[in-house]
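Quick notes on the structure that follows.
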Amino acid sequence: GQNIDQPTEMTATEGAIVQINCTYQTSGFNGLFWYQQHAGEAPTFLSYNVLDGLEEKGRFSSFLSRSKGYSYLLLKELQMKDSASYLCAVRGDNSGNTPLVFGKGTRLSVIA
Amino acid sequence: DGGITQSPKYLFRKEGQNVTLSCEQNLNHDAMYWYRQDPGQGLRLIYYSQIVNDFQKGDIAEGYSVSREKKESFPLTVTSAQKNPTAFYLCASSTRRDQNQPQHFGDGTRLSIL
Numbered sequence: 003g004q005n006i007d008q009p010t011e012m013t014a015t016e017g018a019i020v021q022i023n024c025t026y027q028t029s030g031f032n033g034l035f036w037y038q039q040h041a042g043e044a045p046t047f048l049s050y051n052v053l054d055g056l057e058e059k060g061r062f063s064s065f066l067s068r069s070k071g072y073s074y075l076l077l078k079e080l081q082m083k084d085s086a087s088y089l090c091a092v093r094g095d096n097s098g099n100t101p102l103v104f105g106k107g108t109r110l111s112v113i114a
Numbered sequence: 131d132g133g134i135t136q137s138p139k140y141l142f143r144k145e146g147q148n149v150t151l152s153c154e155q156n157l158n159h160d161a162m163y164w165y166r167q168d169p170g171q172g173l174r175l176i177y178y179s180q181i182v183n184d185f186q187k188g189d190i191a192e193g194y195s196v197s198r199e200k201k202e203s204f205p206l207t208v209t210s211a212q213k214n215p216t217a218f219y220l221c222a223s224s225t226r227r228d229q230n231q232p233q234h235f236g237d238g239t240r241l242s243i244l
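Going down the list, the sequences are from chains A and B. Each position in the first sequence, counted from 1, maps to that position plus 2 in my numbering. Each position in the second sequence, counted from 1, maps to that position plus 130 in my numbering.
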């Protein structure tokens, strides 16, 4: 079966750092994606991990541990515009044509 | 600019009516997907197509139908058999070339029952 777990909601303060965790149990693994989705809008791609370790992109970083079935998205210097849902998704095989399996998303609220 | 266009943005369906949601892409992507999003449910896969004239059922295909006659187009029909169609529908596409390529999404269609 396929199972991807994320916390439902998180709240953090403007300027702070927040870590959003994702655990997965899937029949295959060939990469993990993070997307950002503002309310009523399309998801937009943030990051991709296929090897263990940390990938950094500006204020956003993503970490992967394949042996633990675990990833996190780290957001630094939080801004009000970072209030959104963050979706974790796994690709099960090594083709770009395979559908991603999505978690239910974590709704992040950034407060002043 | 290349991208994915979904239309209409909002759609209303009467009881017993079939409605079709449009999805067009000019990214030259091989694969296209339809997802349904309900509050608190994340994205659930309805149908996907990896090449023209071929498509596969996703996790929640009942009450929906699709066609893939052209590479650029992947319309979704919500039939009267779908008893709870109210949701946000997202179309996506991707290229088969590399596993690290993300799926790109359209802006979505919000469907409601009258």
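Built from N, CA and C at the ideal position, the CB exists for glycine as well.
Close Cβ partners of residue i (< 7 Å) along its chain, the five nearest in sequence each way excluded
{"i": "Ala-86 of chain A", "result": "Gln-38, Gln-39, His-40 and Leu-110"}
{"i": "Glu-79 of chain A", "result": "Gly-17 and Arg-61"}
Beta-carbon contacts of residue i that lie in its chain and below 6 Å, excluding the five residues immediately before and after
{"i": "Asp-7 of chain A", "result": "Thr-25"}
{"i": "Gly-193 of chain B", "result": "Thr-209, Ala-211 and Gln-212"}
{"i": "Val-182 of chain B", "result": "Arg-198 and Lys-201"}
{"i": "Leu-151 of chain B", "result": "Leu-206, Tyr-219 and Thr-239"}
Residue i: first and last residue of the uninterrupted beta strand (DSSP E) it sits in
{"i": "Ser-242 of chain B", "result": "239 to 243"}
{"i": "Gln-136 of chain B", "result": "134 to 137"}
{"i": "Arg-109 of chain A", "result": "108 to 113"}
Residue i in three-state terms, based on DSSP
{"i": "Lys-83 of chain A", "result": "helix"}
{"i": "Asp-7 of chain A", "result": "strand"}
{"i": "Phe-204 of chain B", "result": "coil"}
{"i": "Ala-222 of chain B", "result": "strand"}
{"i": "Ala-211 of chain B", "result": "coil"}
{"i": "Lys-187 of chain B", "result": "strand"}
Cβ pair residue i, residue j closer than 8 Å
{"i": "Phe-65 of chain A", "j": "Leu-77 of chain A", "result": "no"}
{"i": "Pro-215 of chain B", "j": "Leu-241 of chain B", "result": "yes"}
{"i": "Gly-170 of chain B", "j": "Lys-83 of chain A", "result": "no"}
Cβ neighbours of residue i in the same chain (closer than 8 Å, five flanking residues each side left out)
{"i": "Ile-113 of chain A", "result": "Thr-13, Ala-14, Thr-15 and Glu-16"}
{"i": "Tyr-178 of chain B", "result": "Ala-161, Met-162, Tyr-163, Trp-164, Phe-185, Gln-186 and Gly-188"}
{"i": "Gly-94 of chain A", "result": "Gln-4, Thr-28, Ser-29, Gly-30, Phe-31, Asn-32, Thr-100 and Val-103"}
* To do: Examine the Cβ distances between the region 56 to 65 of chain A and the region 228 to 239 of chain B and report whether three or more of them are shorter than 8 Å.
  => no
* Asked: Looking at C-beta atoms only, is the number of pairs between the region 136 to 149 of chain B and the region 92 to 107 of chain A that lie closer than 8 Å three or more?
  -> no
* Stretch-stretch touch, CB-based, cutoff 8 Å, three pairs: the region 162 to 180 of chain B with the region 139 to 149 of chain B -> no
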